[in-house]
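Engineer:
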Amino acid sequence: MRVAGTVQESIVDGPGLRFTVFAQGCPHRCEGCHNPQTHDAHGGTERPVSDIISEMLKNPLTDGLTLSGGEPFAQAGDCAEIAEAAKKAGLNVWIYTGYTFEELAGAGDGGARRLLGFADVLVDGRFILAERTLEYPWRGSRNQRLIDVRRSLSEGRVAEL
Ligand code: SF4
47 MRVAGTVQES
57 IVDGPGLRFT
67 VFAQGCPHRC
77 EGCHNPQTHD
87 AHGGTERPVS
97 DIISEMLKNP
107 LTDGLTLSGG
117 EPFAQAGDCA
127 EIAEAAKKAG
137 LNVWIYTGYT
147 FEELAGAGDG
157 GARRLLGFAD
167 VLVDGRFILA
177 ERTLEYPWRG
187 SRNQRLIDVR
197 RSLSEGRVAE
207 L
C-alpha cells in the first residue's frame with residue numbers, strides 16, 4: 047500500500063488513542079487541503095499491509111484505527127485488510143473520505159463497499175474552503191458529516207452521530 051505516513055497515539059483523528067494511516071494519493075484536489083503532499087498517487091512510501099497491521103497491533107493502549115489521507119477509498123482493498131484486522135482486534139474504525147456516503151454505498155466498486163462495511167464512523171465529503179470551520183469536532187468544513195455507518199447501512203438512510 048502507498049502511504050504518506052502513520053501516526054501512533056493520535057488524539058486528533060477521532061476519539062481516544064488512535065493509530066492513523068494516511069493513504070497516499072487523492073483524486074479530489076480540494077482547494078485549501080491541509081495535506082497536499084498526499085495528492086500524488088506515486089508519492090509517499092510503498093509498505094506491505096502486513097507491516098502496517100503489525101505496527102497497529104503493537105500498542106495495547108490503542109482504542110481505534112483511523113484511515114485518512116489522501117483518499118483511503120482509492121486503495122480500498124489494502125485499507126479493508128487493515129480495517130478487518132482492526133475489527134478483529136476489537137478496535138473501532140473511523141474513515142475520512144472525500145466521497146459522500148451515498149457515492150460509496152451506491153458504488154459499483156465492491157472493494158469500496160467492502161471497506162465501508164468495516165467502518166464504524168465515516169467522516170464524508172470534500173473539504174470546502176468556503177465552509178471551513180473550527181467549531182465542528184473532527185471535521186474541517188460544515189458540509190462534512192460524522193456518519194454512523196452501521197445504522198446507515200441497516201436503515202438505508204444516512205444516520206449522523
Ligand atoms: S479529500 Fe481530503 S486529502 Fe483529498 S484533497 Fe480533499 S481535503 Fe485533501
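With my numbering, letter number 94 in the sequence shown gets 140, and the count goes up by one each step, no holes. Built from N, CA and C at the ideal position, the CB exists for glycine as well.
Below 8 Å on the Cβ atoms is my guess for residue 127 versus residue 95; work out the distance and round it to an integer in Å.
Structural biologist: Indeed, because the Cβ distance is near 5 Å, the residues count as touching under 8 Å.
Engineer: Can you give the beta carbon distance from residue 218 to residue 60, rounded, assuming they're within the 8 Å contact cut?
Structural biologist: For residue 218 there is no data in the structure shown, the boundaries of the chain being 47 and 207.
Engineer: When DSSP builds the beta bridges, which residues end up paired with residue 36?
Structural biologist: Given a span of 47 to 207 for the chain in the structure shown, any question on residue 36 remains unanswerable.
Engineer: Need the endpoints of the alpha helix (DSSP H) that residue 128 sits in, please.
Structural biologist: 122-134 is the span of the alpha helix (DSSP H), which, as asked, contains residue 128.
Engineer: At which residue ranges does the region 54-108 contain complete alpha helix (DSSP H) runs of 4 or more residues, listed in the order of the chain?
Structural biologist: Correct list: 95-103.
Engineer: Tell me which same chain residues have a C-beta within less than 8 Å of the C-beta of residue 98, skipping the five on either side of it?
Structural biologist: For residue 98, where only same-chain residues beyond five positions count, the Cβ hits under 8 Å are 47, 49, 52, 67 and 128.
Engineer: Quick one: what's got a C-beta closer than 7 Å to residue 135's C-beta in the same chain, skipping five residues either side?
Structural biologist: Around residue 135: 103.
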